[in-house]
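To get the working numbering, take the position in the sequence shown, counting from 1, and add 8.
Virtual Cβ for every residue (Gly too), placed ideally from N, Cα, C.
Taking it in order: structure first as structure tokens, then the write-up.
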Amino acid sequence: MNLPNLISMGRLLSVPVIVWLILGERMTEAFWLFLAAGISDALDGYLAKRMNAETTFGRYLDPLADKALLVCVYITLSQSGNIATWLVIMVVFRDTLIVGGAILFQSLTHSLSMEPYAISKVNTLFQIILATVILAVLGLNLQAAWLVDALTYAVAATTFASGAVYAVEWSRRAATMEDQE
């Protein structure tokens, strides 16, 4: 367990606390903790590269922490009427597609190797920014309805594009696997 992995683990462990804060309508605290979790997403990757501390465990832990954080926060914000339900469905479906494809591929080939695509990194960034802005609107009384609207469509577009890239990749891998049989 190295420092970047500890940071990822901290982000993962922050998820239930952030959800609890949102459900308890303690949006200021939820905002600050979510902001710290969002910053930790960039920090752990930077440190892993900088310290030459990239690990197989970290390559799985980091996206798991991201997905848990974003899916749980998006669902919680949707339940409280603070984020569009249709967007949450898109985000959860995309993540289910990615995780399901990975599990299926690993089950069939026992040789999963995953590197995130640039569009997925952009999508994650937009998802984090949107949730941060929504929590800032709720917890800090930020007046940014126009920004929430713009980010909602940016998240939708990058979620769709990222999901499409993964769907094409899983289909390509499946076709290659079938050709080899």
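- Cβ neighbours of L159 within its own chain (closer than 8 Å, five residues either side excluded): F134, I137, L138 and V141.
- Taken through DSSP and simplified to helix, strand or coil, T63 comes out as coil.
- By the Cβ test, the segment 39-46 is in contact with the segment 14-26, since at least three Cβ pairs between them sit closer than 8 Å.
- P12 is not a Cβ neighbour of A73, given a cutoff of 8 Å.
- With distances taken between CA atoms, G66 lies nearest to D52 out of D52, A183, L150 and I111.
- Annotation for L143: M35, A38, F39 and F42 place their beta carbon closer than 7 Å to its own, counting only its chain and skipping 5 residues before and after.
- Rounded to whole angstroms, the separation of the alpha carbons of L150 and A165 is 24 Å.
- Between the alpha carbons of V27 and L85 lies a gap of roughly 9 Å.
- A Cβ-Cβ distance of about 6 Å is found for the pair S170 and R102, placing them in contact under the 8 Å criterion.
- Looking at V96, Y68 and D70, the one whose alpha-carbon comes closest to that of C80 is V96.
- Contact between V99 and Y82 holds: their C-beta atoms lie close to 5 Å from each other, under 8 Å.
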